[in-house]
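Chains as they are written, first to last, in this note's numbering: chain A, 1 to 234; chain B, 1001 to 1234.
Each residue gets a CB set at the ideal place from its N, CA and C atoms; glycine is no exception.
Read the structure below first, then the notes.
2 protein chains.
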Amino acid sequence: MSAAGPSCAVPSHVIVIFSGGLDSTTLAYWLTGQGARLTLLSVDYGQRHGRELLFARRTAAALGAVHYVADLRPVGQLLGGSALTSREVQVPDGHYTDASMRATVVPNRNALLLDLATGLAITAGAGAVAYGAHSGDYAVYPDCRPEFVAAYQQMVRIANAGFLTDEFGVLAPFISMTKADIASLAARLGVPVGQTWSCYRGGDVHCGTCGTCTERREAFALAAVDDPTAYLAG
Amino acid sequence: MSAAGPSCAVPSHVIVIFSGGLDSTTLAYWLTGQGARLTLLSVDYGQRHGRELLFARRTAAALGAVHYVADLRPVGQLLGGSALTSREVQVPDGHYTDASMRATVVPNRNALLLDLATGLAITAGAGAVAYGAHSGDYAVYPDCRPEFVAAYQQMVRIANAGFLTDEFGVLAPFISMTKADIASLAARLGVPVGQTWSCYRGGDVHCGTCGTCTERREAFALAAVDDPTAYLAG
C-alpha cells in the first residue's frame, strides 16, 4: 500500500458487502471519504457469529447509510456443512492460512454475495459493488483473489448487458493490501474499530483464538496501532 | 438442432435449475436420458406465478429426483420491481421479444440461480450445473446468451479453485435451439408437457396472452406437436 492508501475510481453510489468486521467497516469509511454515497448489504446466512449483524447495524447507523440485511438462512441451510453455518462442524483454532481453515469456506460465497449486490445495484442505479477482500485471504479463499474480481466483473457486465453501464465496476480496493495495512488505514481514517466484529465463534466477546481473531490481533500488532478489542483468551 | 438433439458431455451427477416449465422439464428428462443423476433446484423468489412450484414438485417426484426449493422470497423483496415479483408492476401481454418484456427481468437472476446451484454442486459433489436457456431468450435476457454461459463458467471455476474440478461445467444444452425445437424434443422424449407450467400471470390455468404463454403456444404450433395446455384466452 502506498502512504496515500488504496486508489480506484469510485462512482457516486456504491453497494458495499458489509459484514460489520474490520475490513468491510474500514472499506465503508474509506469509500465515504472518497465522496461515495453507500448502500450497505449485510447477509444473514445463518452464520453462528450472528453477532456481527448487530455491529453492522450500529456502524450503518453511525455512517447514516442505507442498510439491508438479506435473509439467506434458507440458503445457508441448503449449502450447509461449513463451520460458519453448521453447529456440527467445529470452528478451528489457529492461523488463518492453515489448511484447517478450509472448514470455514461457504461454497461459492462471494459470487453469491456479489450477485446479490449487483442485483441491488441495478435496482438502485448504483455504479459499483465493493467488497473488502485483501491479500491475507488469498491462501484459503479463491474468491478473494484478483483473478476472481476480474472474471466476476466480466461475467456480470455480460449477464446484465443493457441493464448496467459498461463502466459498472467491482471494487476491491484492499485486494493488494495486508490486513495490517487495513488496520493502519483504519487508524488513519479514525474508524471506530472497537465497533467491529471479527470472531467466527459467536460468543459475547471475541474468542481470541479462532482464525479471524488470530488474524485480527496480528494485524493490529503488525500495524503497531492500538487494539481496543476485548479477547476471551490468549 | 440436429435430428439427434442437443449434445454435450454430461457428468454422472448434475444440479438442474428447475422451474417446472417446458424448458427445464424437457432438460431434466433429456439429462436423465443421458444417464445423469439429477438434483433439481427450484427457487421461490416470491414470483407471482408460484403455481409453477406445484408443477415442479410433481415432475421431480415423477422423475424420482432429489428436489430442493430454495426460499429466496426475502431476496425477491430486496430486488423488487420486476413484474415477476411485484404486484405493482403489470405482466405485459404480447410477444416475448417485445421491449415491454424488459418488465419481466429480475435483476441478475441467472447468475444468482447458478451461484446457488454451484454452491449445491460443491456440497453434493456434482460435476455440473445446468439450465434451460434457449435462443428465444437472447433478445430480452442477456443472461441466457452463450457469452454469458462461457463467462459464468470461467468465473465460477476461478471462484472455487480447489473446491471444484477444472472440468466443472455449466451446461446449457438448449442454447442454440428455439423453443419450437424444445417442444419437438419434448414430444420425442415423451415428456408429459401437460404437467409443465409457463404462464407468468399466476392464475389457475395458463392465461394464453402473456409473453411466456404466447411463446409456449407458438412453440407447439411451429413444432407441429399436440399442445395439451388449457388456455384462458386466445
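Which value, in whole angstroms, describes the spacing of the CA atoms of residue i and residue j?
i       : j       : result
S184/A  : A224/A  : 8 Å
D1143/B : Q1154/B : 14 Å
G50/A   : G1033/B : 44 Å
F55/A   : A1061/B : 44 Å
L168/A  : A1111/B : Per the sequence presented here, residue 168/A reads as Phe, with Leu not at that position. Roughly 16 Å between the two C-alpha positions.
C213/A  : R201/A  : 9 Å
H67/A   : A159/A  : 25 Å
V1010/B : P1173/B : 10 Å
L120/A  : T1178/B : 31 Å
S1019/B : C1199/B : 11 Å
G1136/B : L1114/B : 20 Å
A28/A   : P74/A   : 27 Å
G1046/B : D23/A   : 33 Å
L1217/B : D1227/B : First, the amino acid is wrong: residue 1217/B is Arg here, not Leu. Distance between the alpha carbons of R1217/B and D1227/B is about 8 Å.
T1025/B : G1211/B : 19 Å
I182/A  : G64/A   : 22 Å
V1170/B : V1149/B : 7 Å
P192/A  : E52/A   : 15 Å
L1041/B : A1128/B : 13 Å
R145/A  : I1122/B : 19 Å
V1069/B : W1197/B : 16 Å
S1176/B : A161/A  : 19 Å
T265/A  : T229/A  : Because chain A in this structure spans residues 1 to 234, residue 265/A falls outside the shown range and cannot be described.
R1157/B : E147/A  : 11 Å
A1106/B : D1044/B : Before going on, a small fix: residue 1106/B reads as Val here, not Ala. Near 13 Å, if we compare the C-alpha coordinates of D1044/B and V1106/B.
D71/A   : E215/A  : 28 Å
A130/A  : G1035/B : 42 Å
A1151/B : A151/A  : 7 Å
I17/A   : C8/A    : 17 Å
D1166/B : G21/A   : 32 Å
A139/A  : Y1138/B : 38 Å
T1039/B : T39/A   : 36 Å
Comparing alpha-carbon positions, which option in the options lies nearest residue i?
i       : options                               : result
G203/A  : M177/A, Y231/A and K179/A             : Y231/A
Q1077/B : R109/A, I15/A and L116/A              : L116/A
I1015/B : C210/A, I17/A and L79/A               : L79/A
L1164/B : D166/A, Y141/A and D181/A             : Y141/A
A1233/B : D1227/B, S1042/B, V1205/B and W1197/B : V1205/B
R109/A  : A1130/B, T1118/B, D1044/B and G1035/B : T1118/B
P6/A    : L72/A, H134/A and D44/A               : H134/A
Can we count residue i as close to the ligand GTP, meaning its CB is less than 7 Å from some heavy atom?
i       : result
A1233/B : Absence of the ligand GTP from the depicted structure is noted, as is the absence of any ligand whatsoever, leaving it without description.
Answer yes or no: does any C-beta atom of chain B fall closer than 8 Å to that of residue i?
i      : result
F168/A : no
D137/A : no
L84/A  : Here L84/A scores only 49 on pLDDT, less than 50, and its place in the model should not be relied on; the value that follows carries that caveat. No, because no Cβ of chain B sits closer than 8 Å to the Cβ of L84/A.
I175/A : no
L171/A : no
V14/A  : no
F55/A  : no
L79/A  : yes
L38/A  : no
D192/A : In the sequence on display, residue 192/A carries Pro and not Asp. So, not an interface residue.
G127/A : no
P11/A  : no
P107/A : yes
State the CB to CB distance for the pair residue i and residue j, rounded to an integer number of angstroms; the pair is presumed to be in contact (CB under 8 Å).
i       : j       : result
Q195/A  : R37/A   : That belief does not hold up - the Cβ atoms of Q195/A and R37/A are roughly 21 Å apart, past 8 Å.
L235/A  : W30/A   : Limits of chain A in this structure are 1 at one end and 234 at the other, which puts residue 235/A out of reach.
G1125/B : H1013/B : 7 Å
A1187/B : A1219/B : No, A1187/B and A1219/B are not in contact; Cβ-Cβ is about 11 Å, not under 8 Å.
Taking 8 Å as the CB-CB cut-off, is residue i touching chain A?
i       : result
Y1152/B : yes
P1146/B : no
Y1068/B : yes
P1006/B : no
Y1187/B : It is worth fixing the name first, because residue 1187/B is Ala in this sequence and not Tyr. No, because no Cβ of chain A sits closer than 8 Å to the Cβ of A1187/B.
P1074/B : yes
L1063/B : no
T1118/B : yes
F1018/B : no
I1122/B : yes
P1142/B : yes
V1156/B : yes
D1023/B : no
A1161/B : yes
L1112/B : yes
D1071/B : yes
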